[in-house]
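> Quick one: the structure is below, questions incoming.
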Amino acid sequence: MKKLLLQLDTDPVPSVFDQVVAYDSGVDHIISYGGVTPDKVENLVHGLMFTRGGKQLANSAIFLGGSHVSASQQLAEAVKKCFFGSVRVSVMLDPNGANTTAAALARKIVGNYDIRAKKAVILAGTGPVGQRCALYLLKEGASEVVLTSRHISRSMAVAKEMQSRYQARITPAESRSTEDTRALLENAHVAITCGPPAVSLLPQSVWSAALTLEIMADVNAVPPLGVEEMKVTDDGVERFGKRFYGAIAIGNFKMKIHRSSITSLFKSNDCLLDEITIYDIACKIDE
Amino acid sequence: MKKLLLQLDTDPVPSVFDQVVAYDSGVDHIISYGGVTPDKVENLVHGLMFTRGGKQLANSAIFLGGSHVSASQQLAEAVKKCFFGSVRVSVMLDPNGANTTAAALARKIVGNYDIRAKKAVILAGTGPVGQRCALYLLKEGASEVVLTSRHISRSMAVAKEMQSRYQARITPAESRSTEDTRALLENAHVAITCGPPAVSLLPQSVWSAALTLEIMADVNAVPPLGVEEMKVTDDGVERFGKRFYGAIAIGNFKMKIHRSSITSLFKSNDCLLDEITIYDIACKIDE
Amino acid sequence: MKKLLLQLDTDPVPSVFDQVVAYDSGVDHIISYGGVTPDKVENLVHGLMFTRGGKQLANSAIFLGGSHVSASQQLAEAVKKCFFGSVRVSVMLDPNGANTTAAALARKIVGNYDIRAKKAVILAGTGPVGQRCALYLLKEGASEVVLTSRHISRSMAVAKEMQSRYQARITPAESRSTEDTRALLENAHVAITCGPPAVSLLPQSVWSAALTLEIMADVNAVPPLGVEEMKVTDDGVERFGKRFYGAIAIGNFKMKIHRSSITSLFKSNDCLLDEITIYDIACKIDE
Chain A
376 MKKLLLQLDT DPVPSVFDQV VAYDSGVDHI ISYGGVTPDK VENLVHGLMF TRGGKQLANS
436 AIFLGGSHVS ASQQLAEAVK KCFFGSVRVS VMLDPNGANT TAAALARKIV GNYDIRAKKA
496 VILAGTGPVG QRCALYLLKE GASEVVLTSR HISRSMAVAK EMQSRYQARI TPAESRSTED
556 TRALLENAHV AITCGPPAVS LLPQSVWSAA LTLEIMADVN AVPPLGVEEM KVTDDGVERF
616 GKRFYGAIAI GNFKMKIHRS SITSLFKSND CLLDEITIYD IACKIDE
Chain B
376 MKKLLLQLDT DPVPSVFDQV VAYDSGVDHI ISYGGVTPDK VENLVHGLMF TRGGKQLANS
436 AIFLGGSHVS ASQQLAEAVK KCFFGSVRVS VMLDPNGANT TAAALARKIV GNYDIRAKKA
496 VILAGTGPVG QRCALYLLKE GASEVVLTSR HISRSMAVAK EMQSRYQARI TPAESRSTED
556 TRALLENAHV AITCGPPAVS LLPQSVWSAA LTLEIMADVN AVPPLGVEEM KVTDDGVERF
616 GKRFYGAIAI GNFKMKIHRS SITSLFKSND CLLDEITIYD IACKIDE
Chain C
376 MKKLLLQLDT DPVPSVFDQV VAYDSGVDHI ISYGGVTPDK VENLVHGLMF TRGGKQLANS
436 AIFLGGSHVS ASQQLAEAVK KCFFGSVRVS VMLDPNGANT TAAALARKIV GNYDIRAKKA
496 VILAGTGPVG QRCALYLLKE GASEVVLTSR HISRSMAVAK EMQSRYQARI TPAESRSTED
556 TRALLENAHV AITCGPPAVS LLPQSVWSAA LTLEIMADVN AVPPLGVEEM KVTDDGVERF
616 GKRFYGAIAI GNFKMKIHRS SITSLFKSND CLLDEITIYD IACKIDE
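This is how it looks when you write it as structure tokens:
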């Protein structure tokens, strides 16, 4: 029986990226829709639920994507409401690749480093990747995770939301200047930059002065990179006594996690891969 | 050569259900379009007609679907106008699953029951499934088929249309109350409920008082069901001296008919599966 | 690894024709988008570029189609801008089938005929097929290629554009009457009709009086054909001392070129098939 993946994308044009990865993960056919809103979900999901029965439902699954994380999360809620009893299919939620990217980022750091009782600072970290990475580092035992924004109001709002959504306690902070960043990195062991492409966030003058700092990771692949002296292919390279993880090393591992997650969807008909469970999958993969 | 199915759906979002069934029927690839109107058909159908030649055209076929039966029938007319001589492909018309569902419903009843010279009443039967079921029961020799609506004008209009379209003579009737239904079931042998989901149409007090009644069937899968005491999985179960056919038993057989119809499309390049010929296919399948 | 073709079509509804040909050329899956404009290209192309690495990129390719040749050419420019270094995929540009049709038309003529130092007249030749055919005949050594339009301003504009785009020197001409055509065919060896369907352009009275004329070809498959006494299936048939090539013979060869081009896309990740290189592929195929 063919493995069918229903791609529901909140963007008007459904992602090519997600389709290629799905094919490369063993999916036989993708049924793809763009511009999906929660009100359109029921009929589409019923089409998957009511065409195959019992254990055969493990061959049908749903991928929820799109550029806007919250829009895709709303789709996920609408999808879950369609299910009843054992009449359900597996679902993966990875809007904008945020879950798989954050899992790859966190695993690159903790895979070879004991983060327990350590402090991490995620610069420009209030977006989906930064938030999820914070969650994973706390889960792995970090003593403190600071999430910075250019506006303290933004990082405080995120801290509140993470507390209520995940019972995760992050430290909100504001960073508008090199001086701010320098102060935030005091006593920090890990620094992560989650800023937009081509924005430098962490100059060498700052990180070289941060004496406790051991690890830096950056998800920006477009020069100038987020961390000065970082190379996109850095995969744990030691330089000036600190370890570097660049965007391509993280991205390659993200692809592994993404593919492994898709494969997992078809092992049962009741798997839900979201920001929590995708990390569990990542933990089982060698980076 | 790959078996290609061109799905033309009149709904803005093409049906997932129809795509999954097509893949499960051996189709290799589906080329899917939603929001199709008759004026858009020519270019799409020519793309299928002019890419493969001679006997190879048996590997290309068209499925016409959508929620609105008449809109899909208009597509069918537009598609047929594109063909000439032997340059044509097979076509299946099953808007809203009406043809396959009605065929399954009728076959469940007549498969194990001699309906010749018997009277059937189809409650809330003026929709596509009810109309087609009436047609099939008359074809199988029923002496009378009554189609009810809440408005006699509606059932009379349908009776007139069925006369002109199929030369089928049904008895129009109005049923607005339990009393109406009780009167209509007098001397009836078969009662079928084709109402909307979660609407009870036939209380036990009525059917248990209908002494000639032998068989009841219901296409509503959402409680309360159309017939009181019906179970969705009833597949000819006898209860209180009468035989019951529920929505899931009918639905499972509908799936078989749907799949078998899709498979038939690829046996030649000139097969036309519509409300008449899909029933012929259903007759060859064991329910 | 599956061969994936990204179909970007400038028409609102992406071409069925192009999809069927792609499947028949060994493509495993098509990711299809209609209504594509240059501003939407980047995200789609990046989805193809960043999901597979190194030599694996040869399994991903792009097909650019649509009814309007210039719109598709603009897509091609936008696509090329997305690539950098070796991070690229193969691309085929064949809007409205113009490149493959023109290549088939030219090859039918020059495959069995030495066109060097000969004169060709392409009637109603200012459209994409006529222009490209002119280019190919000049490339093969024709001494003169005349392109006619009903308006000399149109053919002069095309002559100017072909000079600047391809450094190709064609002779612009106006043909509004049988008399015009008769005069234009003086000393011509080849006459080609590229008019719209069902428009007769070359009456027998004219071509039979053209004493030097040896070959006629016509791309119009709908009667009345472009050349009087032509048959759509003529494939080099001699009649009245002249050789005839009809639309179906040319169309069948066009299909071979189209399929062979698609197959070529997957031999490397840096192939660009456009109006120039598709002709090179056509030269390697037996008509």
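One line per chain: the protein sequences are A, B and C, in this order.
Sequence positions in the first sequence follow my numbering and run 376 to 662.
Sequence positions in the second sequence follow my numbering and run 376 to 662.
Sequence positions in the third sequence follow my numbering and run 376 to 662.
The C-beta atom is built at its ideal place from N, Cα and C for all residues, glycine as well.
All figures in this text were calculated on a predicted structure; none of them were measured in a lab.
1) Rounded to whole angstroms, what is the Cα-Cα separation between A:Met630 and A:Thr475?
2) Taking the alpha-carbon positions, what's the C:His526 to C:Ser550 distance?
3) Do the stretch 476–488 of chain C and the stretch 543–562 of chain C touch if we need at least three Cβ pairs shorter than 8 angstroms?
4) Output the boundary residues of the beta strand (DSSP E) element that contains C:His404.
5) On the three-pair Cβ rule with 8 angstroms, is the stretch 569–587 of chain A touching the stretch 492–502 of chain A?
6) Output the distance between the C-alpha atoms of B:Leu522 and B:Thr652, rounded to the nearest integer angstrom.
7) Judging by CA-CA distance, which residue of A:Leu379, A:Lys483, A:His421 and A:Met424 is the nearest neighbour of A:Thr608?
8) Could you name the residues of the same chain whose beta carbon sits closer than 6 angstroms to that of C:Val420, not counting the 5 residues immediately before and after it, in chain order?
9) Whole-angstrom Cβ separation of A:His404 and B:Tyr398, contact assumed at under 8 angstroms?
10) Taking DSSP as the reference, what is the three-state secondary structure of C:Pro413?
11) At the 9 angstroms Cβ level, is B:Phe392 part of the contact set with chain A, yes or no?
12) Could you check which residue in C:Asp414, C:Gly472, C:Ala534 and C:Gly505 has the C-alpha nearest to that of C:Phe628?
13) Take every Cβ of the stretch 432–449 of chain C, pair it with every Cβ of the stretch 458–465 of chain C, and state whether three or more of those distances are shorter than 8 angstroms.
14) Going along the chain, which residues of its own chain have a beta-carbon closer than 8 angstroms to the beta-carbon of C:His564, five neighbours each way excluded?
15) Under 8 angstroms: does the beta carbon of C:Arg540 sit that close to some heavy atom of the ligand FAD?
16) With a cut-off of 9 angstroms, does the C-beta of A:Pro632 fall near any C-beta of chain C?
17) I want to verify the contact list: residues of chain B whose CB lies under 8 angstroms from the CB of A:Leu640, in sequence order.
18) Return the chain-ordered list of same chain residues with a C-beta closer than 8 angstroms to the C-beta of C:Val485, the five sequence neighbours on each side being excluded.
19) Considering just the uninterrupted stretch of the beta strand (DSSP E) at A:Lys519, what are its terminal residues?
20) Hey, which unbroken runs of the alpha helix (DSSP H) at 4 residues or more fall wholly within the stretch 546–589 of chain C?
21) Under 7 angstroms Cβ to Cβ from B:Ile637, same chain only, skipping five residues before and after it: list those, please.
22) Which residues mark the beginning and the end of the beta strand (DSSP E) in which A:Ile497 is found?
23) Please list the partners that B:Ile406 has in chain C, where partner means a Cβ-to-Cβ separation under 7 angstroms.
24) In three-state DSSP terms, what is C:Ala436?
25) Are the beta-carbon atoms belonging to A:Gly611 and A:Arg618 less than 9 angstroms from one another?
26) Give me whichever residues DSSP pairs with B:Val462 in a beta bridge.
27) Give me the chain C residues within the contact set of A:Val388, using Cβ-Cβ distance strictly less than 8 angstroms, ordered along the chain.
28) How big is the Cα-Cα spacing for A:Cys569 and A:Thr556?
29) Let me know if C:His633 comes out buried or exposed under the rule of 16 or more other beta-carbons within 10 Å of its beta-carbon.
30) Taking 9 angstroms as the CB-CB cut-off, is A:Tyr654 touching chain C?
31) Determine the DSSP secondary structure at C:Glu452, reduced to helix, strand or coil.
32) How many angstroms separate the CA atom of A:Lys535 from the CA atom of A:Gln542?
33) Going by beta-carbon coordinates alone, are B:Asp393 and B:Gly410 separated by less than 9 angstroms?
34) Would you mind telling me which residues of chain B sit closer than 7 angstroms to C:Tyr398, beta carbon to beta carbon, in chain order?
35) Less than 9 angstroms between CB atoms is the rule here; does A:Gly460 satisfy it with respect to chain B?
36) Which chain B residues are close to A:Ser465, counting only those with a beta carbon under 8 angstroms from its beta carbon?
Quick answer:
1) As a first step, residue 630 of chain A must be located in the first sequence, where it is residue number 255. As a first step, residue 475 of chain A must be located in the first sequence, where it is residue number 100. One C-alpha to the other measures close to 8 angstroms.
2) In the third sequence, counting from the first residue as 1, residue 526 of chain C sits at position 151. In the third sequence, counting from the first residue as 1, residue 550 of chain C sits at position 175. Computed Cα separation, rounded: 7 angstroms.
3) no
4) To locate residue 404 of chain C, count along the third sequence from 1; it is residue 29. Residues His404 to Tyr408.
5) yes
6) Working through the second sequence from its first residue, we reach residue 522 of chain B at position 147. Working through the second sequence from its first residue, we reach residue 652 of chain B at position 277. Cα to Cα, B:Leu522 sits roughly 22 angstroms from B:Thr652.
7) Taking the first residue of the first sequence as position 1, residue 608 of chain A is located at position 233. Taking only the C-alpha atoms, the option nearest A:Thr608 is A:Lys483.
8) Numbered from 1 along the third sequence, position 45 holds the residue referred to as residue 420 of chain C. Excluding positions up to five away in sequence, the list reads Val454 and Cys457.
9) If you number the first sequence from 1, residue 404 of chain A lands on position 29. If you number the second sequence from 1, residue 398 of chain B lands on position 23. That pair is a contact at about 6 angstroms.
10) Walking along the third sequence from the start, residue 413 of chain C turns up at place 38. Reduced to three states, the DSSP call for C:Pro413 is helix.
11) By one-based count along the second sequence, residue 392 of chain B stands at place 17. It does; some Cβ of chain A falls within 9 angstroms.
12) By 1-based counting over the third sequence, the position of residue 628 of chain C is 253. When each option's Cα is compared against that of C:Phe628, the closest is C:Gly472.
13) yes
14) Within the third sequence, residue 564 of chain C is the residue found at index 189, counting from 1. So the list reads Ile490, Lys493, Lys494, Ala495, Thr587, Leu588, Glu589 and Ile590, once near-sequence residues are dropped.
15) The ligand FAD is absent from the structure shown, which contains no ligand whatsoever.
16) Mapped onto the first sequence, residue 632 of chain A falls at position 257. In the sequence as presented, Pro is not what sits at residue 632 of chain A; that position holds Ile. No, A:Ile632 lies away from the interface with chain C (no Cβ there is under 9 angstroms from its Cβ).
17) Here residue 640 of chain A corresponds to residue number 265 of the first sequence, with the count starting at 1. Here the premise fails: no neighbours, minimum Cβ distance about 16 angstroms.
18) Stepping through the third sequence from its first residue, residue 485 of chain C is reached at position 110. The residues are Tyr511, Leu512 and Glu515.
19) Residue 519 of chain A sits at position 144 when you count from the first residue of the first sequence. For the sequence presented, residue 519 of chain A should be read as Glu rather than Lys. It spans Glu519 to Ser524 - the beta strand (DSSP E) in which A:Glu519 sits, taken as one unbroken run.
20) 553–559 and 579–582
21) Here residue 637 of chain B refers to the residue found at position 262 when the second sequence is read from its first residue. So the qualifying residues of the chain are Val396, Ala397, Ser400, Val402 and Met467.
22) Here residue 497 of chain A corresponds to residue number 122 of the first sequence, with the count starting at 1. That run of the beta strand (DSSP E) goes Lys494 to Leu498.
23) Indexing the second sequence from 1 puts residue 406 of chain B at position 31. Those within 7 angstroms of B:Ile406 in chain C are Val391 and Gln394.
24) As a position in the third sequence, residue 436 of chain C is number 61, starting the count at 1. Correct three-state label for C:Ala436: strand.
25) Position 236 of the first sequence, counted from the first residue, corresponds to residue 611 of chain A. Position 243 of the first sequence, counted from the first residue, corresponds to residue 618 of chain A. Closer than 9 angstroms, so yes.
26) Looking up residue 462 of chain B in the second sequence gives position 87. Answer by DSSP bridge pairing, in chain order: B:Phe459.
27) Taking the first sequence and counting its residues from 1, one reaches residue 388 of chain A at position 13. Here the neighbours are Tyr408, Lys415, Asn418 and Leu419.
28) Mapped onto the first sequence, residue 569 of chain A falls at position 194. Mapped onto the first sequence, residue 556 of chain A falls at position 181. Distance between the alpha carbons of A:Cys569 and A:Thr556: 14 angstroms.
29) Taking the first residue of the third sequence as position 1, residue 633 of chain C is located at position 258. So C:His633 counts as buried.
30) As a working mapping, residue 654 of chain A is identified with position 279 in the first sequence. Judged by the 9 angstroms Cβ criterion, A:Tyr654 is not in contact with chain C.
31) Within the third sequence, the letter at position 77 stands for residue 452 of chain C. If DSSP states are grouped into helix, strand and coil, C:Glu452 belongs with the helices.
32) Here the question's residue 535 of chain A lines up with position 160 in the first sequence. Here the question's residue 542 of chain A lines up with position 167 in the first sequence. C-alpha separation (whole angstroms): 9 angstroms.
33) Residue 393 of chain B sits at position 18 when you count from the first residue of the second sequence. Residue 410 of chain B sits at position 35 when you count from the first residue of the second sequence. Their beta carbons are not under 9 angstroms apart, which means B:Asp393 does not touch B:Gly410 by this criterion.
34) Indexing the third sequence from 1 puts residue 398 of chain C at position 23. Lys377, Leu379 and His404, listed in chain order.
35) Reading the first sequence from its first residue, position 85 is the one you call residue 460 of chain A. No, no contact with chain B.
36) For the purposes of this step, residue 465 of chain A is taken as residue 90 along the first sequence, with counting starting at 1. Ordered by position in chain B, no residue passes the 8 angstroms Cβ test against A:Ser465, which lies about 15 angstroms from the chain.
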